[in-house]
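Input: a single structure, listed below in structure tokens.
2 protein chains.
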Amino acid sequence: MTEKRLVYFLSDRTGITAEALGKSLLTQFDHIQFERHTLAFVDNPQRAAEALQQIRQGAQSSGQRPMVFSTLMQPELRAVFAAADVFWIDFFDTFIAPLELELNAKSSGAVGKSHAMSDAYQQRMDAVNFTLGHDDGLGQHLELADIILLGISRCGKTPTCLYLALQNGLRAANYPLTPDDFADAHLPAPLRPYQAKLFGLSISPERLAQIRQERQPDSDYASINTCRSELRQAEALFKKYGIAYLDITTMSIEEIAASILHQAGLRLQRMDRR
Amino acid sequence: MTEKRLVYFLSDRTGITAEALGKSLLTQFDHIQFERHTLAFVDNPQRAAEALQQIRQGAQSSGQRPMVFSTLMQPELRAVFAAADVFWIDFFDTFIAPLELELNAKSSGAVGKSHAMSDAYQQRMDAVNFTLGHDDGLGQHLELADIILLGISRCGKTPTCLYLALQNGLRAANYPLTPDDFADAHLPAPLRPYQAKLFGLSISPERLAQIRQERQPDSDYASINTCRSELRQAEALFKKYGIAYLDITTMSIEEIAASILHQAGLRLQRMDRR
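Each protein sequence line maps, in turn, to chains F and Z. Taking the numbering used here, the leading residue of the first sequence gets 127, the next gets one more, and so forth. Taking the numbering used here, the leading residue of the second sequence gets 127, the next gets one more, and so forth.
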């Protein structure tokens, strides 16, 4: 079965929510191929008409009924699509009415509030600056870090820290474990005052070797034996010091970040700071 | 009206989707205060029982019916919450059945697929590495950039680039416009071969002065006159060379990124590459 269905994520703002929920639903049908398009900033009747036109053209060339996941908030924009022959999933329409009943309040129907943030924005910017300045063992202010990720070279520390800073406003530092650190099997001295903030990252030796191979082909650094040995010693260190750690081999950045927040109990702390 | 309602985002995975849609819906009721908690990785009956216990305790202390936004996929886990006195919004249950009909297919009901990605993951990691190496005019490979953000100091280039790399897998470079560049009103020489990739960022002088003030208090750099003058000259340069640009003063990073993708038409390109 290899049919390819056209899917549109339709939004009066960025489309991020429509994409996120739509994609989650579609993963439930993983034997079907989907071609996805995002129609963002559809926030006036003319843009809505253009979006509808684009959807209709897609339908014509594909010969199948297009699927539309909508987070449009304005009823008059949703109405533009009412007569169209599309499979329509409407996140707002479905849930706003029961919410109004439960909260005994009218929805504002306003556009453009979904991602508005100010203090939180500034916090995220500060966190990004901190994280950029505390990558790979750099930086002198680990006492200000919310979390310090620990792991050997190329196990995902930097992108995870950036994600935690950008998305969660956490000051995330990271510190590389090197063969020197394994010689005496002690935690590196700069980290010792901050054990409560440490979180380890690990990965499978095979995947690590593959990643390192792309960086330094046919090096000792990228050999499976080196990878195995470094990973074994890093995990031994994590265990010796009671540092929680995570095997990220099959995880996306979102999952790594959410797992760290979950395990480290940081999510609440973050929300308290907002 | 200042009631405070307890809200739980319940998920068998990261909770990102439940949070995103739940928060979008709640912004429609902005005069009501919500206290939000994320219950992630609720992927077995014991975790479900614990989550229910936590929700019930919250209900008892708040004296109000808790609201639960669920993306739980497994019916037997959803069933744990069936008898609880909560206001229940179930994203999967609501939409999976109509989707099965439309697609004439059974949903896999499987857990843990929502954020699975492999090639896309690698693309994002590569993009992050590129972006870190091409921050603030650094880096020698602008020919490999998907986009180059242009703007004066402290107008949001770095975090926006990191977001585009992490979230969208785009190799996003950025290049600072300095007073030197304004002297002859020409585009800096290294950028001239890549005009099609350029995108400008601007901001209000007041906001910029505030941001710079935190960095270098009472400096000429942070004065409102300097900010006004630099912004005016930057925008003149954007106009002279026909470079699309964005005023980010009131935007979140998500909105900035989505607007750039929308205006630059990069979204499709990105999806094609996946």
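Glycine included, every Cβ here is placed at the ideal spot set by N, Cα and C.
| Check | Outcome |
| --- | --- |
| Beta carbon proximity, F:Phe256 to chain Z, threshold 8 Å | no |
| Proximity winner among Z:Asn294, Z:Leu357 and Z:Ile273, relative to Z:Tyr320 (alpha-carbon distances) | Z:Ile273 |
| 8 Å Cβ cutoff, F:Asp138 in contact with chain Z | no |
| F:Thr352 beta carbon near the ligand NAP (any heavy atom closer than 7 Å) | Within the structure as shown, the ligand NAP is missing, as the structure has no ligands at all. |
| 8 Å Cβ cut-off: residues of chain F touching Z:Ala175 | Residues of chain F passing the Cβ test: none, with the nearest at roughly 17 Å. |
| Proximity test, Cβ basis, 8 Å: Z:Pro285 and chain F | yes |
| Cross-chain neighbours of F:Ser187 in chain Z, by beta carbon under 8 Å | Neighbours of F:Ser187 on chain Z: none; closest Cβ ~15 Å, over 8 Å. |
| Residue(s) in a DSSP beta bridge with F:Glu161 | F:Leu132 |
| 8 Å Cβ cutoff met for F:Met193 and F:Val212 | yes |
| Contacts of F:Arg250 in chain Z (Cβ-Cβ under 8 Å) | Pro285 and Ile379 |
| Cross-strand partners of Z:Asn300 (DSSP beta bridge) | Z:Leu275 |
| Beta-carbon separation (whole angstroms), F:Ile382 vs F:Leu372, contact threshold 8 Å | 7 Å |
| Classification of Z:Asn351 by the beta-carbon crowding that lies within 10 angstroms, buried from 16 upward | exposed |
| Cross-strand partners of Z:Val194 (DSSP beta bridge) | Z:Tyr134 and Z:Trp214 |
| Under 8 Å between C-beta atoms of Z:Thr164 and Z:Gly141 | yes |
| Beta carbon proximity, Z:Tyr289 to chain F, threshold 8 Å | yes |
| Through-space distance from F:Leu178 to F:Lys232, alpha-carbon basis | 29 Å |
| Burial state of Z:Ala253 (16 or more Cβ within 10 Å) | buried |
| Element boundaries [beta strand (DSSP E), containing Z:Gly326] | Leu324 to Ser328 |
| Chain A contact for Z:Glu228 (CB, 8 Å cutoff) | Looking for chain A here will not work: the only protein chains present are F and Z. |
| Spatial neighbours of Z:Val133 in its chain, beta-carbon cut-off 6 Å, leaving aside the 5 residues before and after | Phe160, Arg162 and Met193 |
| Ranges of the alpha helix (DSSP H) found wholly within the region 324 to 392 of chain F, counting only runs of at least 4 | 331 to 341, 350 to 366 and 379 to 390 |
| Spatially closest choice to F:Glu356 from F:Ser345, F:Pro331, F:Gly368 and F:Leu229, by CA coordinates | F:Pro331 |
| Which of helix, strand or coil DSSP assigns to Z:Asn255 | helix |
| Buried or exposed by the 16-neighbour rule on C-beta atoms within 10 Å, applied to Z:Leu317 | buried |
| CB contact below 8 Å: F:Ala391 versus chain Z | Checking the sequence shown, residue 391 of chain F turns out to be Gly, not Ala. Cβ-Cβ to chain Z under 8 Å: no for F:Gly391. |
| Check whether F:Ser150 and Z:Thr197 have beta carbons under 8 Å apart | yes |
| Burial state of F:Ala384 (16 or more Cβ within 10 Å) | buried |
| Cβ neighbours of F:Leu334 in the same chain (closer than 6 Å, five flanking residues each side left out) | Cys353 |
| Contacting residues, own chain, Cβ-Cβ under 7 Å from Z:Ser279 (five flanking each side not counted) | Pro302 |
| Test: Z:Asp156 CB closer than 8 Å to a CB of chain F | yes |
| Contacts of F:Ser345 in chain Z (Cβ-Cβ under 7 Å) | The contacting residues do not exist; F:Ser345 stays about 18 Å from chain Z at best. |
| Environment of Z:Glu202 [buried if 16+ CB atoms lie within 10 Å] | exposed |
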